[in-house]
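**Q**
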Amino acid sequence: MTLRKTILAGVLAAAAATPLAAQEPVKIGMITTLSGPAGYLGQDIRDGFQLAIDAEDGKLGGVPVELMVEDDSLKPGNGRQIADRYLNNEGVKLFTGIVFSNVAGATVPDIVDAGAFYISPNAAPSNFAGKECNENYFVVSWQNDSLHESAGQNATNLGYKTAFVLAPNYQAGKDAISGFKRFFKGDIVGEVYTRLDQTDFAAEMAQIRDAAPDVVFQFHPGGLGIAFLRQYQQAGLLETVPMVVAEPSMDAVILNAVGDAAKGVNVSSHWNTDFENSANEGFVAAWKEAYDRPLTYYASQGYDAARAIAAALKATGGSVDDADAFRNAMREAAFESVRGDFAFGPNQHPVQDWFSLKVVDGEDGKPALKTVGTVFEDHGDVYAAECSL
Amino acid sequence: MTLFLEQVLNGLQLGVMLFLMAAGLTLIFGIMGIINLAHGSIYMIGAYAGTYVAMETGVYYAGIPAALAAAALTGAAMEFLVVRRLYKRDHLDQVLATFALILISNQVITLIFGRQPLFVGLPSALSGSVELLPGLFYPSYRLAIIAVGLLVALGLYLVINRTRIGMLVRAGSTNRDMVRALGVDIRMLYTIVFGLGALLAGLAGYMAGPILAVQVGMGEQILITTFVVVVIGGVGSIRGAFFASLIIGVFDTMLRAYLPGFLRQIMAGSEADALGAGLSSMGIYLLMALVLLVRPKGLFPAHS
Chain A
2 MTLRKTILAG VLAAAAATPL AAQEPVKIGM ITTLSGPAGY LGQDIRDGFQ
52 LAIDAEDGKL GGVPVELMVE DDSLKPGNGR QIADRYLNNE GVKLFTGIVF
102 SNVAGATVPD IVDAGAFYIS PNAAPSNFAG KECNENYFVV SWQNDSLHES
152 AGQNATNLGY KTAFVLAPNY QAGKDAISGF KRFFKGDIVG EVYTRLDQTD
202 FAAEMAQIRD AAPDVVFQFH PGGLGIAFLR QYQQAGLLET VPMVVAEPSM
252 DAVILNAVGD AAKGVNVSSH WNTDFENSAN EGFVAAWKEA YDRPLTYYAS
302 QGYDAARAIA AALKATGGSV DDADAFRNAM REAAFESVRG DFAFGPNQHP
352 VQDWFSLKVV DGEDGKPALK TVGTVFEDHG DVYAAECSL
Chain B
7 MTLFLEQVLN GLQLGVMLFL MAAGLTLIFG IMGIINLAHG SIYMIGAYAG
57 TYVAMETGVY YAGIPAALAA AALTGAAMEF LVVRRLYKRD HLDQVLATFA
107 LILISNQVIT LIFGRQPLFV GLPSALSGSV ELLPGLFYPS YRLAIIAVGL
157 LVALGLYLVI NRTRIGMLVR AGSTNRDMVR ALGVDIRMLY TIVFGLGALL
207 AGLAGYMAGP ILAVQVGMGE QILITTFVVV VIGGVGSIRG AFFASLIIGV
257 FDTMLRAYLP GFLRQIMAGS EADALGAGLS SMGIYLLMAL VLLVRPKGLF
307 PAHS
């Protein structure tokens, strides 16, 4: 199998080695989720990525690029079709953009098996971080579990002894709960798996009240999270049971929609708008200038993905065809991340710091996320040990 | 015990929301023979229109007429422009056309309002909780939903059983061709029924706004459950839709609340959670299969 893959990759690389005109822009294929309730995730990744290109007037690392975007509608089959079309008809060698792990699971193997690169700005399922890691697969965001490990550690740091955990009944939801449990030192007094299409959580609220835990951990990204938090407040639980969440359950859009119901919630994240480094300050200012909507961490990951690609393109002089050279340049991660320190671990997933944030009153009177402390330093993921790169 | 009562209330609340959706759907299906997949889109449009007006004016109640008007107008327009051409076609054509309406309305809403969910606060009079029994606190907004739903059910009962238009509706759902043969303006009746169904869907959408997220695609989430209600209740039967809604609402809530805990007593924790979550999401469909086995036309068939 490996031999066949290698030969296939070699043939494809040879076929692609035919020289292109020097000024031809580097094509970047972005497959992302733009429609449906989770459409804003892909929209922000795309716009954050575009922001980095616009900052260089259509270039990344001094190399002209052409960003091609298509909507996968959160359907794994669509993602795969788009990837095939980009690979075969457009000759794209550089891919990014996928929001959801299930789409990534169906699409990424095709891309890397064809000898192209995939730079993830978001989804990073555990299998691709461990045994199935690939030298052409880079993750700029985080490994999925890290989000929730940071929440577990955060809950431990805050001194909570008993926790009630909830997540939707699908792979990422189960990963979230196991990630939380890995670093939470107290007892789990309740564990509930909700439906992925569920928007009414009244039954779960009643169970939480009955269990009376020290803290609630929940993972409900996007619209689910808005509904969950609002019902949490309406049930009167917000005043009595504190909540710990990871970033996906409290991004800027959710925060904006939930409003005061979010005040006091503990969040853990790898990035926040208030980070004081020049890359971040520039990014936040550029976003406010360009877009009239909340700045989410998805946008920051799109931006960082673009800047990581920019650094590699700069090092290779704009060539992606020499896969080894491009890969080595990517591994350097020679860019200033908006989150501060950033490096790739042995499985080409990030090794980075995690921070605890709290929802407080912002300067404009609306609730805002404020960085209050550090949860992890130079945190990688547990799957790196299984990866033999 | 208070936990149990609270879960029953939660089930009732889910049930009346389903009823508001199912009443329209069952009438449209039963009387006009149309499978209207776009019913969920009307729910979404009602929610967006009402929430937008409530956000602009800052008054929750100002959103109600806006939601009702937008939903009824959309419904009437849908009937006039698209659905009217489908009465004589088979169900596959209807499904295709109304599915297209879902896609179109989702995209139009995205173009107008963007992809980010809208937010409307609770009216201040209903934002707290009420202590129904000692120790049993229940959000007053959810109580209000239950009350509105039951009132609508009563109103529908009176309209359908006590008025001339209701008589025509009943007649239409029992024998469409006979009603037409007796010289009733069936087109008018169709538009009225469609508009009424849309109105109820819009009301449901707007009331759901402060609890759920007002977002693109919110209609599809409730639509499938609504179809289950319609099938269990018996196609075309409002009475069936009412009882089936409450049964499904309570049954679904109870499964979610108690099944994992029950299973945990007889097997290992993680397996029980996985199985419990899986079974409770299947529960209403299993119930539907059972009902259809025993009563193939639903609990209260209109064409008996």
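For the protein sequence lines, the chains are A and B, in the order given.
Remember, my numbering sits 1 above the position in the first sequence when you count from 1.
Remember, my numbering sits 6 above the position in the second sequence when you count from 1.
Even for Gly, the Cβ is constructed at its ideal location relative to N, Cα and C.
(1) Select from A:E387, A:S320, A:A309 and A:F327 the residue whose C-alpha is nearest the C-alpha of P347 (chain A).
(2) Under 8 Å, CB to CB, which of the residues in the segment 81–100 of chain A have a partner in chain B?
(3) By DSSP, does A164 (chain A) sit in helix, in strand, or in coil?
(4) Looking only at its own chain, which residues have a Cβ that is under 8 Å from the Cβ of I255 (chain A), when we skip the five neighbours before and after it?
(5) Enumerate in chain order the residues of its own chain whose CB-to-CB distance from L18 (chain B) is below 7 Å, with the five nearest sequence positions on each side excluded.
(6) Bridge partners of V361 (chain A), per DSSP?
(7) DSSP three-state call for N267 (chain A): helix, strand or coil?
(8) Distance check for G381 (chain A) and S147 (chain A), CA to CA, integer angstroms please.
(9) Below 7 Å on C-beta distance, what does Q227 (chain B) contact in chain A?
(10) Have a look at P249 (chain A) and A283 (chain B) and give me their C-alpha separation to the nearest angstrom.
(11) Just checking A107 (chain A) against the ligand HEM - is the residue's beta carbon closer than 7 Å to any of the ligand's heavy atoms?
(12) What separation, rounded to the nearest whole angstrom, lies between the Cα atoms of R245 (chain B) and N16 (chain B)?
(13) List the residues of chain A whose Cβ lies closer than 8 Å to the Cβ of P307 (chain B), in chain order.
(14) Can you name the residues that DSSP bridges to F139 (chain A)?
(15) Would P476 (chain A) be called buried (16 or more neighbouring beta carbons within 10 Å of its own) or exposed?
(16) Nearest CA to the CA of P77 (chain A): which residue from A:A125, A:T97 and A:F101?
(17) For M2 (chain A), count neighbouring C-beta atoms within 10 Å of its own C-beta (all shown protein chains included) and say buried if the count is 16 or more, exposed if not.
(18) Name the DSSP bridge partner or partners of T33 (chain A)?
(19) Answer yes or no: do Y196 (chain B) and M38 (chain B) have a C-beta to C-beta separation smaller than 8 Å?
(20) Would you tell me roughly how many angstroms separate the C-alpha atoms of F119 (chain B) and Y58 (chain B), rounded to the nearest one?
(21) For P145 (chain B) and chain A, any beta-carbon pair shorter than 8 Å?
(22) Is any beta-carbon of chain A found at less than 8 Å from that of G223 (chain B)?
(23) Applying the 10 Å Cβ sphere with the 16-neighbour rule, what's the burial state of K367 (chain A)?
(24) For Q13 (chain B), decide whether its Cβ has a neighbour in chain A, counting only Cβ atoms nearer than 8 Å.
(25) Would a check of beta-carbon distances place E192 (chain A) closer than 8 Å to chain B?
(26) D211 (chain A) touches chain B at which residues, Cβ-Cβ below 7 Å?
(27) May I ask you to report which of helix, strand or coil DSSP gives G21 (chain B)?
(28) By the DSSP assignment, the beta strand (DSSP E) with T195 (chain A) in it spans what residues?
(29) How is D211 (chain A) classed by DSSP in three states: helix, strand or coil?
(30) Between the Cα of F220 (chain A) and those of A:V339, A:N170, A:N257 and A:A253, spot the shortest distance and give me the residue it belongs to.
(31) Which residues in chain A sit within 8 Å of L20 (chain B), going by Cβ to Cβ distance?
(32) Where does E277 (chain B) land, buried or exposed, given buried means 16+ other C-beta within 10 angstroms?
(33) Comparing C-alpha positions only, which one of A:G318, A:V113 and A:A156 sits nearest to N135 (chain A)?
(34) Between the segment 36–54 of chain A and the segment 114–129 of chain A, do three or more beta carbon pairs fall short of 8 Å?
(35) Does V300 (chain B) pass the burial test, meaning 16 or more other C-beta atoms within 10 Å, or should it be called exposed?
(36) Here's the rule I'm using: 16 or more other beta-carbon atoms within 10 Å means buried, otherwise exposed. How should R148 (chain B) be labelled?
**A** Here's the rundown:
(1) If you number the first sequence from 1, residue 347 (chain A) lands on position 346. Nearest of A:E387, A:S320, A:A309 and A:F327 to P347 (chain A), Cα basis: A:E387.
(2) none
(3) The sequence position of residue 164 (chain A) within the first sequence is 163, counting from 1. Of the three classes helix, strand and coil, the one that applies to A164 (chain A) here is strand, per DSSP.
(4) As a first step, residue 255 (chain A) is located in the first sequence; it is residue number 254 there, counting from the start. Contacts found: G223, G226, I227, L230 and A263.
(5) Within the second sequence, the letter at position 12 stands for residue 18 (chain B). Within the same chain, L18 (chain B) has close Cβ partners I152, L252, G255 and V256.
(6) Taking the first sequence and counting its residues from 1, the one referred to as residue 361 (chain A) is at position 360. Beta-bridge pairing links V361 (chain A) to A:A369.
(7) Position 266 of the first sequence holds residue 267 (chain A). DSSP places N267 (chain A) in strand when its eight states are reduced to three.
(8) Within the first sequence, numbered from 1, the residue matching residue 147 (chain A) stands at position 146. Within the first sequence, numbered from 1, the residue matching residue 381 (chain A) stands at position 380. So the two alpha carbons sit approximately 8 Å from each other.
(9) Counting from one through the second sequence, the residue named residue 227 (chain B) turns up at place 221. Under the 7 Å cutoff, chain A gives D198 and T200.
(10) One-based indexing of the first sequence puts residue 249 (chain A) at position 248. One-based indexing of the second sequence puts residue 283 (chain B) at position 277. Cα to Cα, the separation comes out at about 22 Å.
(11) In the structure shown, the ligand HEM is absent, as is every other ligand, since no ligand is present at all.
(12) Locating residue 245 (chain B) in the second sequence gives position 239, where the first residue counts as 1. Locating residue 16 (chain B) in the second sequence gives position 10, where the first residue counts as 1. The alpha-carbon atoms of R245 (chain B) and N16 (chain B) are separated by roughly 21 Å.
(13) Locating residue 307 (chain B) in the second sequence gives position 301, where the first residue counts as 1. By Cβ distance, chain A contributes nothing, its closest Cβ being about 29 Å from P307 (chain B), past 8 Å.
(14) Position 138 of the first sequence, counted from the first residue, corresponds to residue 139 (chain A). A:I120.
(15) Past the boundaries of the shown model lies residue 476 (chain A); chain A is included only from 2 to 390, so the question cannot be answered.
(16) On the first sequence, position 76 is the one that residue 77 (chain A) refers to. Considering only alpha carbons, the answer is A:F101.
(17) Here residue 2 (chain A) corresponds to residue number 1 of the first sequence, with the count starting at 1. Confidence at M2 (chain A) is low in this model, with a pLDDT of 45, below 50, so its placement is unreliable and the value that follows should be read with caution. Answer is exposed; the Cβ neighbour count stays below 16.
(18) Stepping through the first sequence from its first residue, residue 33 (chain A) is reached at position 32. T33 (chain A) pairs with A:D72.
(19) As a position in the second sequence, residue 196 (chain B) is number 190, starting the count at 1. As a position in the second sequence, residue 38 (chain B) is number 32, starting the count at 1. Yes.
(20) Translated into positions along the second sequence, residue 119 (chain B) becomes position 113. Translated into positions along the second sequence, residue 58 (chain B) becomes position 52. Each residue's alpha carbon lies about 9 Å from the other.
(21) The residue labelled residue 145 (chain B) in the question sits at position 139 within the second sequence. By this cut-off, P145 (chain B) is an interface position.
(22) For the purposes of this step, residue 223 (chain B) is identified with residue 217 of the second sequence, where counting begins at 1. Yes, its Cβ sits closer than 8 Å to a Cβ of chain A.
(23) For the purposes of this step, residue 367 (chain A) is taken as residue 366 along the first sequence, with counting starting at 1. K367 (chain A) is exposed by the Cβ-count criterion.
(24) Within the second sequence, numbered from 1, the residue matching residue 13 (chain B) stands at position 7. True, the Cβ-Cβ gap to chain A drops below 8 Å.
(25) What you label residue 192 (chain A) is simply residue 191 of the first sequence in a count that begins at 1. Interface residue, yes.
(26) By 1-based counting over the first sequence, the position of residue 211 (chain A) is 210. Those are L9, listed as they occur along chain B.
(27) Along the second sequence, one-based indexing puts residue 21 (chain B) at 15. DSSP places G21 (chain B) in helix when its eight states are reduced to three.
(28) Your numbering for residue 195 (chain A) matches position 194 in the first sequence. Residues D188 to T195.
(29) Position 210 of the first sequence, counting from 1, holds the residue named residue 211 (chain A). Helix at D211 (chain A).
(30) On the first sequence, position 219 is the one that residue 220 (chain A) refers to. Comparing Cα positions, the closest option is A:N170.
(31) Against the second sequence, residue 20 (chain B) aligns to sequence position 14. In chain order: D201 and A203.
(32) Residue 277 (chain B) sits at position 271 when you count from the first residue of the second sequence. Under this definition E277 (chain B) is an exposed residue.
(33) As a working mapping, residue 135 (chain A) is identified with position 134 in the first sequence. With distances taken between Cα atoms, N135 (chain A) lies closest to A:V113.
(34) yes
(35) By 1-based counting over the second sequence, the position of residue 300 (chain B) is 294. The residue in question, V300 (chain B), is exposed, as its Cβ has fewer than 16 Cβ neighbours within 10 Å.
(36) On the second sequence, position 142 is the one that residue 148 (chain B) refers to. Label assigned to R148 (chain B): buried.
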